[in-house]
Structures are given as C-alpha cells and as structure tokens.
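J.:
Next comes the structure, spelled out in structure tokens:
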C-alpha cells in the first residue's frame, strides 16, 4: 500500500514538474485567465485580449521575481568566466 | 483560402516540431555520442534504439487517446497545457539567451571509462536509453499535442524525426559541432511558438472568436516576440548595466 502511494506521489510529482515547472503562479494565472475569459464570453463580452495580456504580465512578473539576482546574474557571470 | 490556411498550418507544425526536437536532440545526441565514444558503440546504439522504440509507443498511444477527444474540448485542454508548458520554455529561453546569447551548450563530461570486460555493457545501454527517453519525452509531448490539435500528426512526427536524424548525423560526423548549435535561442523560439498556439487554441476552445481569424496567430507571435526581446534587453541591462546590442 505504501509502495503504491509513493509511486502515485512520484508519478504526480513528475507530471507537475513536467507541465507546471518552477513557477506555479504562472499556471494558476493562465487557468484563472481562461476561466474569466469563459465567464465574459458567456455574457457576450469580447474577451480575446485577456489571456495574451495576462501572459505578457505574468512572464514579466515571474522573470522579475525569480531570475534576478539569482539565475540570470549567475549564468552571465559563469559565461564571462569561460 | 482553405488550402492556403492548411499549408500555413503544416508549415507551422513542421517548423515548431522540428525546432523543438532539435533542442532536445542536441542533448540526446551529445549523451549518446559521448557514451558511445567512451564505452563502445554496440550497447550504446542498442540502448538508444530501445529508447526510440519506447518513445514511438508513447507517441502512438498518446496520439490515439487524444484523437478520440472532440476538437473543441481538445483545443481547450491541449491549448492550456501547451500554454503553461510553452511558458516554461519561454522563460528559460529568455533567461538563457540573456545570459549566453547565441552560445551553444557546454560539452558534457565523458566520465565513463571504456568498457573492456566480457559480455554486454549494460551501463552504456542504460545511459543511452535514459538519455533518449528522458530528452525525447518533452519532444513526444509537443509532437503529439501539437500534431493532433492541428489535425496534422503525420507532419508533426516527420518534423520531430527529421531533427533527430539531422542532429544525429551531424553528431556522428562532427561531434563538437552539435554543441555549437544555439540551443538557448532555439528553446526561446519554440517556447514563443508553443505560447502563441497555446493561447490561440485555448481561447478558441472556450468558444471565443478571434478577430481576423487565423491571422490572429501572427499578431500573437509578434506580441510574444516583442515581449521576449524587451525582456532579454531588460535582463541584460539589469545584469550588465548596458544594452545587449552594444555588447555584440
């Protein structure tokens, strides 16, 4: 039973990392954006612009929050050492 | 009009799956050639071939399963998945291009010792098998979801396989050349295309009609390319204190 449970957890964790990756807020924002788009569309309100704007905002916020000063600066410094 | 749209679709599917497959094939070929060169080719090639067999089964089963879903819900589900998945590559691509520009990947360390013992070299087999399956899984995911949703699984598989064959041939002929392919840039291009089609299909799957129909794909592509260029510029300006264009 324990082995089955740990296998299921490992399987779920693999798919989570595979699809969602290191920033879950982007995935949550995308799903929320699609739900709001569906809600507006059901009320005959044009909502095609919502997800593209949300994508641009979320990528900017995600990169600004997570990559500086860790990933990018570290990668650039390592590249300059070579 | 229909033929034009169909041809454009095939072109996008071929290019996206070819580039996505190239990104992963670079690492795959580097691993397989590295293991083969150090431990011997027989077990390595059998391991790589077994890995490709597993990937073929994954593509066939996954493709059949997705083909059974009606196109409306399929576009919503697959579009949302491609969007979330594509944004990962998009963010990684921006970060890596900001850091490394057009540089290729670093050459791997061939720590493995040459196999001199009797019998089959299972270590080489497992290393090659793992390299092909793990690196190929993302490609299989992109090929199947992209191909089935665009109703062009055949061209998607051809695009994916062509990249593996071409990169494999380059790797077999001139191994160091593979590591010089600008992998980060390719990853950013694929991430941008997956994000573009993911957005288009997911929103269309909800039932929203895009202004200008399929031409909206080009507008989305332009928006995301501009965003990527702006973010790369911001990241490099922040890190170096100057524009990337002056450094080149």
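Residue numbers (our numbering), protein chains in the order written: chain A, 44 to 125; chain B, 609 to 856.
C-beta: ideal position from N, C-alpha, C; glycine also.
(1) Which runs of the beta strand (DSSP E) fall wholly inside the region 617 to 641 of chain B and span at least 3 residues, in chain order?
(2) With a Cβ-Cβ cutoff of 8 Å, do residue 62 of chain A and residue 693 of chain B count as a contact?
(3) For chain A, is any of its Cβ atoms less than 8 Å away from the one on residue 828 of chain B?
(4) Compare the beta carbon distance of residue 734 of chain B and residue 670 of chain B with 8 Å and say whether it is the shorter of the two.
(5) What separation, rounded to the nearest whole angstrom, lies between the Cα atoms of residue 794 of chain B and residue 620 of chain B?
(6) Does residue 818 of chain B get closer than 8 Å to chain A when you measure Cβ to Cβ?
(7) Would you kindly check if the distance between the Cβ of residue 102 of chain A and the Cβ of residue 805 of chain B is under 8 Å?
(8) Taking 8 Å as the CB-CB limit, is residue 88 of chain A close to chain B?
(9) Since residue 81 of chain A is in the alpha helix (DSSP H), which residue starts that stretch and which ends it?
(10) Going by DSSP in three states, residue 818 of chain B sits in which element: helix, strand or coil?
(11) Going along the chain, which residues of its own chain have a beta-carbon closer than 7 Å to the beta-carbon of residue 658 of chain B, five neighbours each way excluded?
(12) Nearest chain B C-beta to residue 58 of chain A closer than 8 Å, yes or no?
(13) Compare the beta carbon distance of residue 674 of chain B and residue 663 of chain B with 8 Å and say whether it is the shorter of the two.
(14) Please report how far the alpha carbon of residue 755 of chain B lies from the alpha carbon of residue 763 of chain B, in whole angstroms.
(15) Who are the near neighbours of residue 702 of chain B in its chain, counting only those whose CB is closer than 6 Å to its CB and skipping five residues on each side?
(16) Grab me the residues of residue 802 of chain B's own chain with a C-beta within less than 6 Å of its C-beta, minus the 5 sequence neighbours each way, in chain order.
(17) Nearest-angstrom Cα distance between residue 774 of chain B and residue 812 of chain B?
T.: So, from the listed chains and residues:
(1) none
(2) Taking the first residue of the first chain as 1, we reach residue 62 of chain A at position 19. Taking the first residue of the second chain as 1, we reach residue 693 of chain B at position 85. Contact: yes.
(3) By 1-based counting over the second chain, the position of residue 828 of chain B is 220. With 8 Å as the cut-off, residue 828 of chain B counts as an interface residue toward chain A.
(4) For the purposes of this step, residue 734 of chain B is identified with residue 126 of the second chain, where counting begins at 1. For the purposes of this step, residue 670 of chain B is identified with residue 62 of the second chain, where counting begins at 1. No; because the gap between Cβ atoms is not below 8 Å, this pair is not in contact.
(5) The count along the second chain starts at 1 and reaches residue 794 of chain B at position 186. The count along the second chain starts at 1 and reaches residue 620 of chain B at position 12. Looking at the two C-alpha atoms, the distance is approximately 15 Å.
(6) Taking the second chain and counting its residues from 1, the one referred to as residue 818 of chain B is at position 210. Yes, residue 818 of chain B counts as interfacial toward chain A.
(7) Numbered from 1 along the second chain, position 197 holds the residue referred to as residue 805 of chain B. Numbered from 1 along the first chain, position 59 holds the residue referred to as residue 102 of chain A. No, these two residues do not count as a Cβ contact at 8 Å.
(8) For the purposes of this step, residue 88 of chain A is taken as residue 45 along the first chain, with counting starting at 1. No, because no Cβ of chain B sits closer than 8 Å to the Cβ of residue 88 of chain A.
(9) Start at 1 with the first residue of the first chain, and residue 81 of chain A comes out as number 38. 67 to 85 is the span of the alpha helix (DSSP H), which, as asked, contains residue 81 of chain A.
(10) Working through the second chain from its first residue, we reach residue 818 of chain B at position 210. Coil at residue 818 of chain B, not helix or strand.
(11) Looking up residue 658 of chain B in the second chain gives position 50. Around residue 658 of chain B: 737.
(12) As a first step, residue 58 of chain A is located in the first chain; it is residue number 15 there, counting from the start. Not an interface residue.
(13) As a working mapping, residue 674 of chain B is identified with position 66 in the second chain. As a working mapping, residue 663 of chain B is identified with position 55 in the second chain. Not in contact: residue 674 of chain B and residue 663 of chain B (Cβ atoms no closer than 8 Å).
(14) On the second chain, residue 755 of chain B is found 147 positions in, with the first residue counted as 1. On the second chain, residue 763 of chain B is found 155 positions in, with the first residue counted as 1. Using only the alpha carbons, I get a separation of about 7 Å.
(15) Indexing the second chain from 1 puts residue 702 of chain B at position 94. Around residue 702 of chain B: 836, 839, 840.
(16) Sequence index remark: in the second chain, residue 802 of chain B carries index 194 (1-based). The answer, listed in chain order, is 690, 694.
(17) Walking along the second chain from the start, residue 774 of chain B turns up at place 166. Walking along the second chain from the start, residue 812 of chain B turns up at place 204. Straight-line Cα distance between these residues: approximately 35 Å.
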